[in-house]
Amino acid sequence: MEDFKNYSKDLKEILDYIPDGNPVISVYLRVDNSKILRQDYITSLNSMITEAKSNIESNANINKVQKRNLSDLLEKIKRYINDVFRPESAKTVIIYADSLGLWKVIRLPLNLKSKIIIDPKPHTQNLRTLLKNYKVYGVLLLDKEKAQIYSLYMGEVNEYLAALISEVPPKVNYRSQLAYKEKNLLSRIEEKLHQFFKIINERTFELFKDRRFDSLILAGRKEIIPQFENYLHSYLQQIHIGNIYAEPDSPLGDIKEKANKVIVQHETALKNAIIDKLINEYFPGGMGVLGIKATINALNLEQAKTIIYDINFKHDGYVCNSCTYLTVEQEETCPYCDSKLTYYSDIVDEIIEDALKQGCEVVDVENNERLIKAGSIGAVLRYKF
């Protein structure tokens, strides 16, 4: 599947979009055909469109002409999904559309929650977070005879990086050797294996230095991986996140599936640790805030260092057209520059965009109960209030 970063022109247009007073529809639809039947995602889309139309009709911030245009656009999106779109290897499809000709379709190789957002700008928090944070994982599959190195990006095999062949014999018939030769032969085999493991380590380290991957997963037989771990360069040891047990001729799909499980476990553990530190240490010590109001306040004062949020969290609010001041309170004008405030049905998207512009680290999580109970969003501060 095409790397979604290759949609450079489309992405730039979406990410650099300047509001012009015309509402934009953003549709996120899960279409993973390994888990969802076509009829099921079509039914899901129809249900979301029905709800969106109802919300449009009751929205006082949208005029009659815009309401009619949005309704027509939703029908166009429905026809596209029904008559034209095919998932292929995509797991989520995103459609951005407005009545002035904006129409962008972006396929993602990972599952995101289905939703429809109608706001003055395209809803891009997921794309921005992915572009900022998503890592490339190296997978090294090895045994005594050969080694292969792949890269995984967004759950898919992204690139075949290297292949190495050893001169170590796969099997030795020791019974056919005279006793006094067996020890010498074994010594030569061990030396060749030693040299082969050194070569694998050196090539893997070269790829890491060339920034071909960010973290490393080892794959192979149970008895091989512990032997090779002793050869890993100290820098590779620091980025080594786990192992998967596999035969040298295992299908690439099996390797990918096992590697993705390791990646999910690793990333979940890291994110949970950040949340625990925010709630247990930073927040009580005055170096962290919890909840949407406190998080927005930290951003407005440019005090936020890291934003942590649940990807399913949604909250409406207002944004200043001039200075990007954020608030969840209904106010007539911006308290900083007296400009007009624009209503957004999901201000979380604007929070993420503003955070990234300020150089904040952004951590997206899903279904962490501690964070949800604390308000589903929070921030680590650069300094105390």
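With my numbering as the guide, the letters of the sequence shown map in order to residues 8 to 392. Beta carbons: idealized from backbone N, C-alpha and C, even for Gly. Note that the structure is a prediction, hence the values are computed from the model and not measured.
Beta strand (DSSP E) segment containing H247, residue limits: That run of the beta strand (DSSP E) goes 247-252.
Helix, strand or coil at D126 according to DSSP, with G and I counted as helix: Strand.
Contiguous beta strand (DSSP E) assignments of at least 3 residues, all confined to the region 71-136: Secondary structure within the region 71-136: the beta strand (DSSP E) runs of 3 or more consecutive residues, fully enclosed, are 99-104, 110-115, 122-126 (chain order).
Where R218 sits in the DSSP three-state scheme: In the three-state reduction of the DSSP assignment, R218 falls in the coil class, being assigned neither a helical nor a strand state.
Cβ neighbours of E9 in the same chain (closer than 7 Å, five flanking residues each side left out): Its pLDDT being 45, under 50, E9 is placed unreliably by the model, and the measurement read from it follows with that caveat. None.
Meets three-Cβ-pair contact criterion under 8 Å: the region 342-352 and the region 316-333: Touching, yes, given that three or more Cβ pairs across the two stretches are closer than 8 Å.
Residues that A154 bridges to, as DSSP identifies them: DSSP, once it has assigned bridges, lists L149, L171 as partnering A154.
Proximity of I359 and Q132 at Cβ, strictly below 7 Å: With respect to the 7 Å criterion, I359 and Q132 are classified as neighbours on the basis of their beta carbons.
Secondary structure of L306, DSSP reduced to three states: In the three-state reduction of the DSSP assignment, L306 falls in the helix class, which pools H, G and I.
For I49, three-class secondary structure by DSSP: Three-state result, I49: helix.
Three or more C-beta pairs below 8 Å linking the region 330-343 and the region 377-388: No, the region 330-343 is not in contact with the region 377-388.
Three CB pairs or more closer than 8 Å across the region 89-99 and the region 64-75: Contact between the region 89-99 and the region 64-75 is absent, with fewer than three C-beta pairs closer than 8 Å.
Sequence ranges, alpha helix (DSSP H) only - wholly within the region 291-347, length at least 4: Fully enclosed alpha helix (DSSP H) runs of 4 or longer: 299-307.
Collapsed DSSP secondary structure at R389 in the structure displayed: Three-state result, R389: coil.
Simplified DSSP state of I32, which is helix, strand or coil: DSSP places I32 in strand when its eight states are reduced to three.
Integer Cβ distance of F220 from Y144, believed to fall under 8 Å: F220 to Y144, Cβ: 6 Å. Contact.
Per-residue DSSP class, three states only, for D17: Note: D17 maps to helix in three-state DSSP.
Collapsed DSSP secondary structure at L225 in the structure displayed: Per DSSP, reduced to three states, the secondary structure at L225 is strand.
Distance between T275 and K122 (C-alpha atoms, nearest Å): Using only the alpha carbons, I get a separation of about 23 Å.
Start-to-end residues for the alpha helix (DSSP H) that takes in D2: Here the chain covers residues 8 to 392 and nothing more, so residue 2 does not appear.
Span of the alpha helix (DSSP H), counted from its first residue to its last, around V355: In the DSSP assignment, V355 falls within the alpha helix (DSSP H) that extends over 355-364.
Any C-beta of chain B under 7 Å from that of K128: Among the chains in the structure shown there is no chain B, since it carries only a single protein chain.
C-alpha distance - V146 paired with I314, whole-angstrom precision: Their Cα atoms are separated by approximately 30 Å.
For N375, the three-state DSSP class (helix, strand or coil): Three-state DSSP puts N375 in coil, outside helix and strand.
Own chain, CB closer than 6 Å to A170, minus 5 neighbours either side, in chain order: These residues qualify, in order along the chain: Q155.
One or two residues paired with T349 in a DSSP bridge: V326.
Proximity below 7 Å, CB of S222 to CB of I251: No, the pair does not count as a contact, with Cβ atoms beyond the cut-off.
For Y35 and L119, the rounded distance between their alpha carbons: Their Cα atoms are separated by approximately 7 Å.
Where E9 falls: helix, strand or coil (DSSP): For E9, the pLDDT reaches just 45, beneath the cut-off of 50, and the residue's location in the model is therefore unreliable, although a value from the coordinates is still provided. The answer is coil: DSSP assigns E9 none of H, G, I, E or B.
In DSSP terms, what E163 is bridged to: According to DSSP, E163 bridges with Y160.
Buried versus exposed, by CB contacts within 10 Å (16 or more), E357: Label assigned to E357: buried.
Cα-Cα separation between L159 and N287, rounded to whole angstroms: L159 and N287: Cα-Cα distance of roughly 34 Å.
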